[in-house]
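For the sequence shown, full-length UniProt numbering begins at 1 and goes up steadily by one. For reference, the structure is listed below as structure tokens.
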Amino acid sequence: MSNAADTPDTPAPDPALLDALSFEPLTPTAYLDRAAAAHGDRIGVVDGDRRWTYAELHERCTRLAGGLAPLADGRPVAVLAPNTHVLLEANFGVPWAGVPLVAVNTRLSAGEVAYILQHSKSAVLIHDPSFDTLVDDVFAQLDAPPHRIRSGAEYEALLDGAEPLHRTPSDERSLLSINYTSGTTGRPKGVMYHHRGAYLQAVSMVGHTGLTPSSVHLWTLPMFHCNGWCFPWAVTAAAATHVCLPKVDPAEVWRLIREEGVTHLNGASTVLSMIAYAKDASPLPEGHTVRIATGGAPPSPAILRRMGELGFEVTHLYGLTETYGPAMLCDWRPEWDSLDAEAQARLKARQGVGNMISCAVRVIGEDGADVPADGTATGQIALRGNNLMLGYLDDPEATAAAVPDGWFRTGDIGVVHPDGYVELRDRSKDVIISGGENIASVEVEQAIMDHPAVLEAAVIAVPDERWGEVPAAYVTLQEGASATEEEIVEHVRGRLARFKAPKSVTFGELPKTSTGKIQKFVLRDKAWAGVERRIQ
1 MSNAADTPDT
11 PAPDPALLDA
21 LSFEPLTPTA
31 YLDRAAAAHG
41 DRIGVVDGDR
51 RWTYAELHER
61 CTRLAGGLAP
71 LADGRPVAVL
81 APNTHVLLEA
91 NFGVPWAGVP
101 LVAVNTRLSA
111 GEVAYILQHS
121 KSAVLIHDPS
131 FDTLVDDVFA
141 QLDAPPHRIR
151 SGAEYEALLD
161 GAEPLHRTPS
171 DERSLLSINY
181 TSGTTGRPKG
191 VMYHHRGAYL
201 QAVSMVGHTG
211 LTPSSVHLWT
221 LPMFHCNGWC
231 FPWAVTAAAA
241 THVCLPKVDP
251 AEVWRLIREE
261 GVTHLNGAST
271 VLSMIAYAKD
281 ASPLPEGHTV
291 RIATGGAPPS
301 PAILRRMGEL
311 GFEVTHLYGL
321 TETYGPAMLC
331 DWRPEWDSLD
341 AEAQARLKAR
351 QGVGNMISCA
361 VRVIGEDGAD
371 VPADGTATGQ
381 IALRGNNLML
391 GYLDDPEATA
401 AAVPDGWFRT
411 GDIGVVHPDG
421 YVELRDRSKD
431 VIISGGENIA
441 SVEVEQAIMD
451 HPAVLEAAVI
461 AVPDERWGEV
471 PAAYVTLQEG
481 ASATEEEIVE
491 HVRGRLARFK
501 APKSVTFGEL
511 PKTSTGKIQK
521 FVLRDKAWAG
531 VERRIQ
């Protein structure tokens with residue numbers, strides 16, 4: 001046996017050879033180069049009655065880059081549009097112009113849009129004609145409004161008159177896009193994405209959702225939200241077909257599923273509810289499966305069971321704007337296939353494990369140590385990996401507070417099960433402390449959602465003279481269904497400890513963000529108005 005002294009040194013690569021190999025920086029726009037080269041004659045985009053091949057999409061995006069570059073002059077380009085080919089093309093054309101993309105939430109007020117344009121220093125705004133009046137109001141608030149391009153004839157004229165341009169980054173960690181948070185606690189923050197993170201996140205989504213050249217992806221998730229979880233690039237990487245959908249209309253969703261052969265879509269759990277309980281809902285034909293990635297809130301076991309009955313395969317994801325969308329997913333294990341439907345649904349509702357691009361996950365207790373993996377001990381979920389933001393634009397203090405030690409603090413409370421899967425228990429601000437007892441609002445919501453008449457539910461803390469605060473439920477019923485406050489309360493009491501049952505039930509439509517998340521802060525602000533001390 002030789003000893004360590006006899007072991008030759010590990011050979012090092014020749015620096016000259018490395019230079020000759022010319023390793024290219026990772027960028028998600030390269031996926032369109034590949035799709036056009038390998039699948040250029042196949043349909044890449046369907047938008048209403050318009051269709052473009054991948055070769056045509058590539059040409060349009062390079063011309064968009066050529067038209068934007070002199071107008072942007074190194075500053076970001078903003079886009080205010082629903083899920084149309086315009087926003088899809090911007091995910092490639094804007095970076096090829098050598099500038100960051102700012103995809104603007106379409107449900108914001110004029111003041112909010114004006115703030116984003118000003119804060120990001122956007123030089124150009126491309127907008128859908130449906131936002132003409134809004135943009136007029138936005139520009140009236142700006143001293144130096146950006147160059148304005150209206151999609152349609154004006155947008156097409158820009159492309160027609162431009163020379164193709166195809167810039168790529170010299171540094172894969174350079175700024176790709178700026179995505180603004182919802183700003184529920186003050187001004188929205190500009191989350192900075194880099195090329196490397198988006199490239200790796202996209203390829204991770206290809207693998208985890210099973211995208212192939214035969215796949216047809218329906219755009220039910222807003223493309224402006226975390227750059228559509230990086231799916232503009234992921235779908236293109238697989239050379240699958242993009243089917244644009246400006247508005248989530250259940251009847252149109254079902255029509256496109258059947259007529260276009262949709263195989264994939266993404267959305268919040270509210271989108272699942274809209275699809276599952278639509279008038280047009282019926283089990284998919286044998287051999288036709290639609291894979292759904294859902295996030296934003298844990299889907300209830302009830303909705304997961306319903307989707308399964310219709311032939312949809314649901315994977316639960318978890319992430320934030322700061323993590324390019326999905327950072328964790330409930331990776332399904334084959335050994336769970338033999339479990340009964342109820343057990344499977346509860347497993348699917350968990351947030352799961354880090355995705356394949358090495359997004360490390362921790363659940364940290366108050367002492368700063370990892371909590372035991374016993375499914376009981378709670379702590380804050382923290383994340384680190386390739387898909388973590390560069391930071392908040394022009395806000396180093398907020399960046400340092402969010403990532404104090406290289407681990408991004410999500411603000412979400414969770415547990416780790418013995419099998420290593422993480423399960424969300426609550427947003428830290430959503431924990432209800434009633435008479436000294438902690439009540440997880442998510443747990444109560446899922447119990448309510450198991451009632452056959454319930455479509456959606458939100459539970460928050462409301463003030464109470466005796467207990468400090470108590471849980472209150474806000475419920476939307478399914479169309480044509482009925483239920484009383486007493487029925488809902490007794491339904492929960494039959495499943496959870498009595499002190500966890502809501503003390504009141506309010507029926508009606510729930511306030512939501514543009515991505516389908518229920519806005520609990522709207523409910524809280526109303527419930528706590530005029531209360532001197534608010535316990536959270």
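The beta-carbon is built from N, C-alpha and C at its ideal position, and this holds for glycine as well. These numbers were taken from a predicted model, which means no experiment stands behind them.
Check residue i in the structure and name its three-state DSSP category.
| i | result |
| --- | --- |
| VAL444 | helix |
| TRP254 | helix |
| VAL104 | coil |
| SER170 | coil |
| ASN438 | strand |
| HIS288 | coil |
| TYR493 | Residue identity check: residue 493 is Arg in the sequence provided, not Tyr. DSSP places ARG493 in helix when its eight states are reduced to three. |
| SER282 | coil |
| PRO222 | coil |
| MET192 | strand |
| VAL262 | coil |
| VAL113 | helix |
| ASP337 | helix |
| ILE535 | Because the pLDDT at ILE535 is just 36, under 50, the model does not fix this residue reliably, and the value given afterwards should be weighed accordingly. In this structure, ILE535 counts as coil in the three-state DSSP scheme. |
| ASN179 | strand |
| THR184 | For THR184, the pLDDT reaches just 42, beneath the cut-off of 50, and the residue's location in the model is therefore unreliable, although a value from the coordinates is still provided. Three-state result, THR184: coil. |
| ALA5 | The predicted model places ALA5 with a pLDDT of 48, which falls under 50 and marks its position as unreliable; any figure quoted below should be read in that light. Three-state DSSP puts ALA5 in a helix. |
| GLN141 | coil |
Buried or exposed, going by whether 16 or more other CB atoms sit within 10 Å of the CB of residue i?
| i | result |
| --- | --- |
| ASN438 | exposed |
| GLU469 | buried |
| THR133 | exposed |
| ALA377 | exposed |
| GLU322 | buried |
| HIS288 | exposed |
| GLU204 | With the sequence shown as reference, residue 204 is identified as Ser, and Glu is not the correct amino acid for it. When all chains shown are included, SER204 counts as buried. |
| ALA401 | exposed |
| PHE23 | exposed |
| TRP336 | exposed |
| LEU80 | buried |
| THR263 | buried |
| ALA78 | buried |
| SER122 | buried |
| ALA157 | exposed |
Going by the C-beta, is residue i closer than 7 Å to any heavy atom of the ligand HEM?
| i | result |
| --- | --- |
| VAL363 | Only the bare structure without any ligand can be found here, which leaves the ligand HEM out of the picture. |
What whole-angstrom Cβ distance do residue i and residue j have, given they're in contact under 8 Å?
| i | j | result |
| --- | --- | --- |
| ARG173 | ARG196 | 6 Å |
| VAL422 | GLY352 | 7 Å |
| ALA473 | ALA457 | 6 Å |
| SER475 | PHE507 | Checking the displayed sequence, the identity of residue 475 turns out to be Val instead of Ser. Rounded, the Cβ-Cβ distance is 5 Å, consistent with contact. |
| GLY375 | VAL415 | 5 Å |
| ILE178 | SER120 | 5 Å |
| LEU245 | TRP219 | 5 Å |
Given this structure, state the Cα-to-Cα distance separating residue i from residue j, to the nearest angstrom.
| i | j | result |
| --- | --- | --- |
| ALA38 | VAL454 | 48 Å |
| GLN519 | LYS512 | 5 Å |
| ALA162 | ILE116 | 28 Å |
| ALA398 | TYR392 | 7 Å |
| GLY516 | SER273 | 11 Å |
| PRO100 | PRO169 | 11 Å |
| PRO301 | MET328 | 19 Å |
| ASP464 | LEU496 | 21 Å |
| GLY66 | GLU89 | 13 Å |
| ARG409 | LYS189 | 15 Å |
| ALA35 | GLY44 | 9 Å |
| GLU252 | PRO222 | 16 Å |
| VAL216 | GLU260 | 8 Å |
| THR184 | GLN446 | Residue placement at THR184 is flagged as unreliable, the pLDDT there being 42, under the threshold of 50; the coordinate-derived value follows with that caveat. Each residue's Cα considered, the two are about 24 Å apart. |
| PRO146 | PHE224 | 19 Å |
| PRO285 | THR294 | 22 Å |
| ILE149 | HIS417 | 51 Å |
| ALA527 | PRO502 | 14 Å |
| ASP136 | ASP340 | 56 Å |
| GLY267 | ALA12 | 47 Å |
| THR27 | GLY111 | 33 Å |
| TYR31 | GLY385 | 22 Å |
Name the DSSP beta bridge partners of residue i, please?
| i | result |
| --- | --- |
| GLY325 | LEU320 |
| TYR31 | Partner(s): none; TYR31 has no beta bridge. |
| PHE312 | VAL290 |
| THR506 | TYR474 |
| ASP47 | ARG50 |
| PRO463 | GLU469 |
Using a Cβ-Cβ cut-off of 8 Å, state whether residue i counts as contacting chain B.
| i | result |
| --- | --- |
| TYR474 | The displayed structure is made up of one protein chain only, and chain B is not part of it. |
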